[in-house]
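Reviewing the structure listed below.
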Amino acid sequence: MAGSGDPKWQKDAADQNFDYMFKLLIIGNSSVGKTSFLFRYADDSFTSAFVSTVGIDFKVKTVFRHDKRVKLQIWDTAGQERYRTITTAYYRGAMGFILMYDVTNEESFNSVQDWVTQIKTYSWDNAQVILVGNKCDMEDQRVISFERGRQLADQLGVEFFETSAKENVNVKAVFERLVDIICDKMSESLDSDPTLVGAGQKGQRLTDQPQGTPNANCNC
Amino acid sequence: MAEEIDDSGFYRQDFSTVSDWEVFIAQLGETIQKLTLSEIDLPSHDNVFHSNWKLQTETILLQKEKIVVSSYVSTNEKGTGSASAIEKVANSFYEDLMNVKNTFGPPLKFQDFKSTHIISCMFGLSRFVVIHPYQQRLSNPSEVCTFLSAANVVAAEYCPLLPVFVQLYEPKLNIFVGVGSNTTHRTNFDIVSLKYSPTDCRYLSGLLTIFKEKLPRNVPTITVSVRNTYFLQPLRIRFPMSIPFRQFPDEQNDMDTNYIKSTQFIALPSGYFPYANTEVYLVYTWLDISENFALDSPHYTDFVPSKTQNCKMHQVTHAFSYMSSCLRDFLKLLCMEDTLESLAGRRSMESSGEENMAKALRNLTDPQHRHFRSSGSTEDNKLKTLKTISGPLQQSELKAFMSFLFPDLYPADKCYTYADDILQEKGEIDPHRIKSAPLDSLCSRLSCLLATCNAHFGGKSGLAQLYFAFIRELRFIWNFRLPISGVSATFPDTRTCLLNQKLQMLSYCIDRSIFGKYEKKQPLSDNNDMNESSTSDASFKDASKETDDEDEDEFYDCAEYAPEGRCKRLDDKKLLGCDEPLYVPITQDPVPKTEDELQEDAEAMLKHGSGSDLSMQLMCSSLLSDMEAFKAANPNGKLEDFIRWYSPRDWEEDDSGLGKLSARMEAPGNTWQKMWQDAKPVPAYKQKRLFDETTEGEKVMSYLESRNINEISKLVIITVLHAAIIKFKDVLETEKIFDIFEVKVDELLADLCHLSRNEELFNEEISSIEDATAKIVCLIEKLEKLEAQFFQFKCFERLTGSAECITFEEVKQKFQETIENGNSCNIANTIGQHIIDSNESEMQKCLITKEYVLRAREELSGCPHYLRAIVVGEEVRLCGAFTEHTTFI
Numbered sequence: 001m002a003g004s005g006d007p008k009w010q011k012d013a014a015d016q017n018f019d020y021m022f023k024l025l026i027i028g029n030s031s032v033g034k035t036s037f038l039f040r041y042a043d044d045s046f047t048s049a050f051v052s053t054v055g056i057d058f059k060v061k062t063v064f065r066h067d068k069r070v071k072l073q074i075w076d077t078a079g080q081e082r083y084r085t086i087t088t089a090y091y092r093g094a095m096g097f098i099l100m101y102d103v104t105n106e107e108s109f110n111s112v113q114d115w116v117t118q119i120k121t122y123s124w125d126n127a128q129v130i131l132v133g134n135k136c137d138m139e140d141q142r143v144i145s146f147e148r149g150r151q152l153a154d155q156l157g158v159e160f161f162e163t164s165a166k167e168n169v170n171v172k173a174v175f176e177r178l179v180d181i182i183c184d185k186m187s188e189s190l191d192s193d194p195t196l197v198g199a200g201q202k203g204q205r206l207t208d209q210p211q212g213t214p215n216a217n218c219n220c
Numbered sequence: 001m002a003e004e005i006d007d008s009g010f011y012r013q014d015f016s017t018v019s020d021w022e023v024f025i026a027q028l029g030e031t032i033q034k035l036t037l038s039e040i041d042l043p044s045h046d047n048v049f050h051s052n053w054k055l056q057t058e059t060i061l062l063q064k065e066k067i068v069v070s071s072y073v074s075t076n077e078k079g080t081g082s083a084s085a086i087e088k089v090a091n092s093f094y095e096d097l098m099n100v101k102n103t104f105g106p107p108l109k110f111q112d113f114k115s116t117h118i119i120s121c122m123f124g125l126s127r128f129v130v131i132h133p134y135q136q137r138l139s140n141p142s143e144v145c146t147f148l149s150a151a152n153v154v155a156a157e158y159c160p161l162l163p164v165f166v167q168l169y170e171p172k173l174n175i176f177v178g179v180g181s182n183t184t185h186r187t188n189f190d191i192v193s194l195k196y197s198p199t200d201c202r203y204l205s206g207l208l209t210i211f212k213e214k215l216p217r218n219v220p221t222i223t224v225s226v227r228n229t230y231f232l233q234p235l236r237i238r239f240p241m242s243i244p245f246r247q248f249p250d251e252q253n254d255m256d257t258n259y260i261k262s263t264q265f266i267a268l269p270s271g272y273f274p275y276a277n278t279e280v281y282l283v284y285t286w287l288d289i290s291e292n293f294a295l296d297s298p299h300y301t302d303f304v305p306s307k308t309q310n311c312k313m314h315q316v317t318h319a320f321s322y323m324s325s326c327l328r329d330f331l332k333l334l335c336m337e338d339t340l341e342s343l344a345g346r347r348s349m350e351s352s353g354e355e356n357m358a359k360a361l362r363n364l365t366d367p368q369h370r371h372f373r374s375s376g377s378t379e380d381n382k383l384k385t386l387k388t389i390s391g392p393l394q395q396s397e398l399k400a401f402m403s404f405l406f407p408d409l410y411p412a413d414k415c416y417t418y419a420d421d422i423l424q425e426k427g428e429i430d431p432h433r434i435k436s437a438p439l440d441s442l443c444s445r446l447s448c449l450l451a452t453c454n455a456h457f458g459g460k461s462g463l464a465q466l467y468f469a470f471i472r473e474l475r476f477i478w479n480f481r482l483p484i485s486g487v488s489a490t491f492p493d494t495r496t497c498l499l500n501q502k503l504q505m506l507s508y509c510i511d512r513s514i515f516g517k518y519e520k521k522q523p524l525s526d527n528n529d530m531n532e533s534s535t536s537d538a539s540f541k542d543a544s545k546e547t548d549d550e551d552e553d554e555f556y557d558c559a560e561y562a563p564e565g566r567c568k569r570l571d572d573k574k575l576l577g578c579d580e581p582l583y584v585p586i587t588q589d590p591v592p593k594t595e596d597e598l599q600e601d602a603e604a605m606l607k608h609g610s611g612s613d614l615s616m617q618l619m620c621s622s623l624l625s626d627m628e629a630f631k632a633a634n635p636n637g638k639l640e641d642f643i644r645w646y647s648p649r650d651w652e653e654d655d656s657g658l659g660k661l662s663a664r665m666e667a668p669g670n671t672w673q674k675m676w677q678d679a680k681p682v683p684a685y686k687q688k689r690l691f692d693e694t695t696e697g698e699k700v701m702s703y704l705e706s707r708n709i710n711e712i713s714k715l716v717i718i719t720v721l722h723a724a725i726i727k728f729k730d731v732l733e734t735e736k737i738f739d740i741f742e743v744k745v746d747e748l749l750a751d752l753c754h755l756s757r758n759e760e761l762f763n764e765e766i767s768s769i770e771d772a773t774a775k776i777v778c779l780i781e782k783l784e785k786l787e788a789q790f791f792q793f794k795c796f797e798r799l800t801g802s803a804e805c806i807t808f809e810e811v812k813q814k815f816q817e818t819i820e821n822g823n824s825c826n827i828a829n830t831i832g833q834h835i836i837d838s839n840e841s842e843m844q845k846c847l848i849t850k851e852y853v854l855r856a857r858e859e860l861s862g863c864p865h866y867l868r869a870i871v872v873g874e875e876v877r878l879c880g881a882f883t884e885h886t887t888f889i
């Protein structure tokens, strides 16, 4: 079902304490900063010299959203052309994509359309996408304006953020937003299609939870 | 405790002379008051036939006999709670009786009729109470009198203006007597049913006489409403059962025999069960006309179809198709855990064993067998193997199925060759993104045949036999490394179903064996053969012989070696620090995986954690292989050169053209550097293979061979459903009426897409098989309904379409109107005229029901008088409601 990730993984995962599990993927050209971005989010650390990812790697992080524990399984992919076949195989079942380009690199921006095609081809229909322009701290080397990024995002019908893994700008916001839109989408499809309502908790509408202080709880 | 005794009145003795009857009245009155007081929703008077009904029931005792009291109220969905509405309630049943909108409900046979109580249909009431004994039937006159007089008292004293009915005789007879009162008037409701009625009662003239006799003097005018229902001869169009690969003796060539036309051949049954028909009702209505306006007597009637514009046609279709029935049958397999052996026989399993294998290996080494398809002799052998599979299928049938699935192997009847585009490298994605198999691919053909076998060729044993024969053929193809037609030899496409991926994997393995890039020798077929081959060519390394690897490392330690395995130059780039061109090496292909294998990998990675040995091994093997190939092709190449080819973004050049590795590649001891140090110059063809087609192909074969019945059905069910919908769509397109059904069919495909991508559907840990079945049944029901509508259209077309004055487009339009309005349409136009004309001679015979409603209202008091007569043949049911003054009789 749209909602709850792969059940088998839930079983095997060491940490059973969660209500939902979302599989997310970070994709984009080589060296736009995908790994840094993930490390900043998951470990709150940054070095300028993360090893270039070989194939695919992952991090797991549990967050609180609307009083629910959401376990994020975030897959970090290698951007090199040579790894396309390996990485696209992992698109299946992903509920959210962070599509990243580098604001200091024109080519990585121009490839966004290709990546979107890849998502359309290999992912599920209801996968949510956020476009992210990384390295926005490097103003002096910037070649892609915020406006161009936003326009492209509008055109693709996705949300847009500029981020800096180095300066920790918007990193958390991107993940939180992605989790939220996946939750919304889940509730929507549950509402519109009663046959989708499975047993137990899946029928609950995530966003019905009081909007109290979810942000304060997040990231703990 | 003492208080309790007081409360219960345990010691009290009743010295009054109250009779049972009086107690009953009091109880009844209180009950009705209780029921009606709790009415929050006020009755809606608009139309009793299209409102919701609220039913409340209480049971009281009369001399130990249970009496059921039910209160019926029709409610608006929105609910009217204003003060003015309460005013209106005051005389509600007077209004109900006189309300023209409540005259005629839907024609009798329709389903939505059930929700309206018969009393409401008879009198148009929106609020009433019904009393009847719980088990016993009222037929004894004195009992009836007891009830009726109780009802009289209650209606007058407890619930003015709420009619109270008593049900008499058997419930199915629908006989009621009732009364409704206010302070000055009483209305008596009565129902009479006459099996053989006097002729007068069946016509308006006679009914008017009866009605007038009952009326007080000075009633101004009587209004009349009439509805005539005609039941035309049900339309039967014969679409006989048609099953792929089965010849039927020609049915008698009725005029009515049609065949469902389609352009694509999809191996599912078609046709409709023999009793399929469409009932057609024509309903003509005259509403609220004056008594003098029309004449209706045994000799002459004005109520004929040509004299009203208010006419509707209703249709009821009963049609079940063989295709939907086949799908339903197939669905039952989802919970059957029979093994193949138990159905196809153990003997047939064993015969695929060693003896066959040895023979296959012998054949494999014989180059002539490559061309065996052109020789006829092998076909006889194959027929022999088919024979050994026991089951209900006949040899000829099995052979027909096999030549449909594997047209290449049976060149004699080559009418089912696969279209080329299935084999194309990049097949089109299914426009509806359904996770099934490309239409008319091997996987799709097999799926449909399995379903058809299950329904028409011996049930699950027939299915098992077919599947078994399929596996046998596939094993043969695999052993001989013959190309499989109908499956693309590409990487398994995870957008298609698992079975298709498995077949793609097998096809890819065979393809690799035949056109293997690295292998100078003929392909290996099996592990048994391995010992010979590896001794004869020591440099050939196979994945299954990993232990040999270590010993041979020294061989590569010498610094100088000739370049090997160059593919092409990388632009005009040259190696750093020397003048040699930079070559892109021939590399091993990435490793194809089916989705279950990918899942296993992902699970393993998650289990062992990021950066574990296993993850590194999974991910780095191809990097190492590429580095080794690069070193072999560029003996003087450095890591920098490799990076320039492999990950150009990690090579940073400044303006002067001088370059350096990016910081992350420079970081000491990083994976890339370590790998580079470990990498030996080995061209791809000498490397340990990342992908061993022999093992992988064998894995697919054993996967397919070890399925039991429910696993097979899970593998193919989505593909079968997909093919069924497409087949239906094709029929509609052939008939040029797809536009009518387009929205519905697209919905169906979208539903299927949803189902096909629902990973939890068949995961027994998450959802029970009943859940999965329920979801699929829901889909099949929708398809069934559409198939019935198609049948209905064919009937509709016959009913209306033969006239010259009506175009096909008009017929389609009218049909669309019909299905959108709950199978009824207005026919006061050319189409209606045509239907009347073509049935004119029989029209009078078709008149099945006449209904008359006569109404009169006294001017001063507003008291209603009402008579409904329902005439069915000689039978007449009269429902009267006459009001009288309680003080001046």
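So the sequence lines, in the order shown, correspond to chains G and Z. Here the working numbering is used: the first sequence runs in plain steps of one and ends on residue 220. Here the working numbering is used: the second sequence runs in plain steps of one and ends on residue 889. Yeah, the Cβ is synthetic: ideal placement off N, Cα and C, and Gly gets one too.
Asked	Found
Whether Phe50 (chain G) touches Phe58 (chain G) by CB criterion (8 Å)	no
Where Ser647 (chain Z) falls, given that 16 or more other Cβ within 10 Å makes a residue buried	buried
Proximal residues of chain Z, C-beta to C-beta of Thr85 (chain G) below 9 Å	Phe491, Asp589, Pro590, Val591, Pro592
Distance, Lys593 (chain Z) Cα to Phe480 (chain Z) Cα	23 Å
Against chain Z: residues of the stretch 49 to 64 of chain G by CB proximity under 8 Å	Ala49, Phe50, Val51, Ser52, Val54, Gly55, Ile56, Asp57, Phe58, Lys59, Val60
8 Å CB neighbourhood of Ser461 (chain Z) in its chain, flanking five on each side removed	Leu343, Ala344, Gly391, Pro392
Which listed residue (Z:Lys568, Z:Phe189, Z:Thr75, Z:Glu30) has its alpha carbon closest to that of Glu58 (chain Z)	Z:Glu30
Chain Z contact for Thr195 (chain G) (CB, 8 Å cutoff)	The predicted position of Thr195 (chain G) is uncertain, since its pLDDT is 43 and thus under 50; a value taken from the coordinates is nonetheless stated next. Yes, Thr195 (chain G) lies at the interface with chain Z (some Cβ there is under 8 Å from its Cβ).
Entirely enclosed alpha helix (DSSP H) segments - the stretch 151 to 237 of chain Z, minimum 4 residues	204 to 214
Backbone CA spacing between Ser45 (chain G) and Asn168 (chain G) [nearest angstrom]	9 Å
Reduced DSSP secondary structure (H/G/I, E/B, other) of Cys863 (chain Z)	coil
Segments of 4+ residues assigned as alpha helix (DSSP H) that fall wholly inside the stretch 777 to 838 of chain Z	808 to 820, 830 to 838
Distance, Asn763 (chain Z) Cα to Ser824 (chain Z) Cα	44 Å
Reduced DSSP secondary structure (H/G/I, E/B, other) of Asp180 (chain G)	helix
Beta-carbon separation (whole angstroms), Lys729 (chain Z) vs Phe738 (chain Z), contact threshold 8 Å	7 Å
Complete runs of the alpha helix (DSSP H) confined to the stretch 418 to 473 of chain Z [at least 4 residues]	420 to 423, 442 to 456
Three-state secondary structure (DSSP) of Arg707 (chain Z)	coil
Nearest neighbour of Glu157 (chain Z), chosen from Z:Glu22, Z:Ala469, Z:Asp190 [CA to CA]	Z:Glu22
Beta-carbon proximity list for Asp596 (chain Z), same chain, < 7 Å, skipping 5 on both sides	Leu498
For Gly133 (chain G), three-class secondary structure by DSSP	strand
Residues near Cys879 (chain Z) by beta carbon distance below 6 Å, same chain, minus five either side	Met122, Ile191, Arg868
Local conformation of Glu564 (chain Z) per DSSP, three classes	coil
Residue range of the unbroken beta strand (DSSP E) whose run includes Lys66 (chain Z)	65 to 75
Close beta carbons around Trp286 (chain Z), own chain, < 6 Å, minus the five adjacent residues each side	Val226, Thr308
Within-8 Å CB hit, Met627 (chain Z) to chain G	no
Minimum Cβ-Cβ distance from Cys620 (chain Z) to chain G less than 8 Å	yes
Residue range of the beta strand (DSSP E) that includes Ala856 (chain Z)	847 to 857
Partner residues on chain Z for Ala89 (chain G), Cβ-Cβ distance less than 7 Å	Thr494, Lys593, Leu598
Short CB-CB distance (under 8 Å) between Glu106 (chain G) and chain Z	no
Ser164 (chain G) at chain C interface by Cβ criterion, 8 Å	Looking for chain C here will not work: the only protein chains present are G and Z.
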